[in-house]
Amino acid sequence: MNFIDGIKQKAKTNRKLIVLPETEDLRTYQAAAMALEEGFADILLIGSKDLIEVKSKAAGVDVSKASYIDPKTTDKLQTYVDALVELRKKKGMTPELAKATLLSDYTYFAVMAMKLGDADGMVSGCCHSSANTIRPALQILKTSDEAKLVSAFFVVDVPDCDLGDNGVFIFADSGLNQDPTSEELAYIARDCEKSWNLLVGSTAKVAMLSHSTKGSAQHELVTKMVEATRIAHALFPKMRVDGELQLDAAIIPEVALSKAPGSDVAGQANILIFPNLDAGNIGYKLVQRLGKAEAYGPLLQGISKPVNDLSRGCSASDFAGVIAITAVQAQLAEEEAIRRMKENE
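So that you can map any letter, position 283 of the sequence shown is 283 in my numbering, and since no number is skipped, the others follow by simple counting.
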């Protein structure tokens with residue numbers, strides 16, 4: 001069973017309602033139809049009944065089992081308006097502005113649905129920028145209590161590959177933070193370890209990547225990754241992390257023996273932490289396009305509820321995979337909420 005099939009099986013054990021706001025894009029309907037047909041998530045579409053019928057027909061799929069909310073006609077609108085005003089009044093939000101925002105930007109409407117318990121997770125970004133997905137999530141849902149920052153990662157599944165975890169890797173940050181500091185990189189690594197434990201389950205092994213291995217080059221970018229490794233060891237002593245490592249030293253056992261002997265990560269890494277967004281974004285796209293890998297993301301970590309972005313170049317199948325991942329994240333969010341509630345009783 002490959003990575004995404006395993007995720008779908010896990011999602012089926014406790015189906016979650018995932019809201020999709022980009023009902024202008026045909027891939028939304030194709031991905032929704034896959035989720036409904038395979039049974040790994042329930043779907044909430046944001047848009048009018050007429051729009052959904054026309055677009056789903058154009059996409060050639062049946063989404064009749066999905067639910068939908070039309071922001072222009074729903075009796076929930078005033079509740080959403082009032083809640084958004086309350087949440088953002090210190091930032092100048094007025095009832096008029098809240099209503100206009102919810103009616104013109106369905107991502108805001110979808111995030112409010114999550115905030116008020118009408119959906120468990122959201123996937124957006126197939127036809128909008130990452131900022132359009134992340135901004136309302138940060139403004140309304142906020143960061144999680146334990147998060148240092150919000151970051152983005154891709155799960156990359158390389159076919160016919162025995163490296164990483166049978167070809168499965170996490171690449172980070174590959175979608176959000178332009179030039180994270182050493183401390184931020186350490187926290188990104190910690191959050192990726194948590195995501196790996198949820199989505200894959202084998203032992204996480206984190207490589208701080210560089211063009212240098214163990215001092216083979218001297219540069220401020222090398223120092224950045226050395227320091228990130230030091231901070232990670234100090235803050236998270238149980239995490240298996242090493243650096244700085246060149247990519248080949250991180251994932252190829254034979255190279256690791258030569259370049260980083262004695263490392264408990266080199267040659268075995270499955271989480272790859274890149275020094276900046278340029279490297280991370282270029283890296284995942286090279287593997288996806290030239291290595292024919294499946295790349296799911298950018299997946300967001302550090303937000304209080306599951307919200308995930310999409311690459312605008314994603315396929316409907318990629319989209320469906322991210323829905324499944326979001327559903328599994330929502331399962332964990334529910335479990336953690338129940339645990340906190342019991343602790344407070």
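The C-beta atom is built at its ideal place from N, Cα and C for all residues, glycine as well.
Tell me whether ASP165 counts as near the ligand FAD, meaning its Cβ is closer than 8 angstroms to at least one heavy atom of that ligand.
Ligands displayed in this structure: none; no statement on the ligand FAD is therefore possible.
Should the segment 23-30 be regarded as contacting the segment 51-58, the criterion being three or more beta carbon pairs within less than 8 angstroms?
The segment 23-30 is in contact with the segment 51-58.
Beta-carbon within less than 7 angstroms of ALA217's beta-carbon, same chain only, minus the 5 sequence neighbours each way: which residues are those?
Taken in chain order, the residues that qualify are HIS211.
Measuring only the C-alpha atoms, how far is GLY47 from ALA260?
Taking the straight line from one Cα to the other gives about 55 angstroms.
Return the chain-ordered list of same chain residues with a C-beta closer than 7 angstroms to the C-beta of LYS8, the five sequence neighbours on each side being excluded.
Here the set comprises GLU38, PHE40 and ALA324.
Enumerate, from N- to C-terminal direction, the unbroken alpha helix (DSSP H) stretches of 4 or more residues contained entirely within the segment 268-301.
DSSP runs (the alpha helix (DSSP H)) wholly in the segment 268-301: 277-290.
In chain order, what are the residue ranges of uninterrupted alpha helix (DSSP H) at least 4 long that sit wholly in the segment 136-216?
If we require 4 residues or more, the alpha helix (DSSP H) runs fully inside the segment 136-216 come out as 182-199.
Would you tell me roughly how many angstroms separate the C-alpha atoms of ALA110 and LEU141, rounded to the nearest one?
Using only the alpha carbons, I get a separation of about 11 angstroms.
Hey, how far is the Cα of GLU183 from the Cα of SER144?
Cα to Cα, the separation comes out at about 18 angstroms.
Quick check on the DSSP output: what are the complete beta strand (DSSP E) runs of length 3 or more inside the segment 312-344, in order along the chain?
Entirely contained in the segment 312-344, not one beta strand (DSSP E) run reaches 3 residues.
Using the rule of at least 16 other Cβ atoms within 10 Å of the residue's Cβ for burial, across every protein chain shown, is MET112 buried or exposed?
Buried is the call here.
Would you mind reading off the limits of the beta strand (DSSP E) that contains LEU44?
Where LEU44 is concerned, the enclosing beta strand (DSSP E) stretches over 42-46.
Around the Cβ of PRO298, are there at least 16 other Cβ atoms within 10 angstroms (buried) or fewer (exposed)?
When all chains shown are included, PRO298 counts as buried.
Within the continuous alpha helix (DSSP H) that includes GLY6, where are the two ends?
Note, GLY6: alpha helix (DSSP H), 3-12.
Within the continuous beta strand (DSSP E) that includes MET122, where are the two ends?
121-123 is the span of the beta strand (DSSP E), which, as asked, contains MET122.
Tell me whether HIS128 is buried or exposed, calling it buried when 16 or more other Cβ atoms sit within 10 Å of its Cβ.
Its Cβ being crowded by 16 or more others within 10 Å, HIS128 is buried.
Per DSSP, VAL241 forms a beta bridge with which residues?
Note: VAL241 sits in a beta bridge opposite VAL206.
Could you spell out where the alpha helix (DSSP H) holding VAL19 opens and where it closes?
Taken as a continuous stretch (DSSP letters only), VAL19 belongs to no alpha helix (DSSP H), being part of the beta strand (DSSP E) at 17-20.
Run the CB neighbour count on ALA398, radius 10 Å, all protein chains shown included, and call it buried at 16 or more, exposed below.
Residue 398 lies beyond the residue range present for the chain, which begins at 1 and ends at 345; the question has no answer from this structure.
Would you say GLY302 faces chain D, with C-beta separation under 9 angstroms as the test?
Included in the structure is just one protein chain, with no chain D present.
Between LEU198, LYS72, THR229 and LEU277, which has its C-alpha nearest GLU336's C-alpha?
Closest by alpha carbon: LEU198.
Between the Cα of THR73 and the Cα atoms of GLY302, ALA33 and ASP50, which residue gives the shortest distance?
For THR73, the nearest C-alpha among the options comes from ASP50.
Looking only at its chain, what residues have a beta carbon closer than 7 angstroms to the beta carbon of ASP248, apart from the 5 residues adjacent to it on each side?
Closer than 7 angstroms at Cβ, skipping near neighbours: VAL255.
Could you tell me the boundaries of the beta strand (DSSP E) in which SER67 lies?
Taken as a continuous stretch (DSSP letters only), the beta strand (DSSP E) holding SER67 covers 67-69.
For ALA238 and ALA83, what's the separation of their Cα atoms in angstroms?
The amino acid occupying residue 238 in the given sequence is Lys; Ala does not appear at that position. Rounded to the nearest angstrom, the two C-alpha atoms are 41 angstroms apart.
Taking the straight line between their C-alpha atoms, what separation do you get for LEU332 and ASN2?
Cα-Cα distance, rounded: 21 angstroms.
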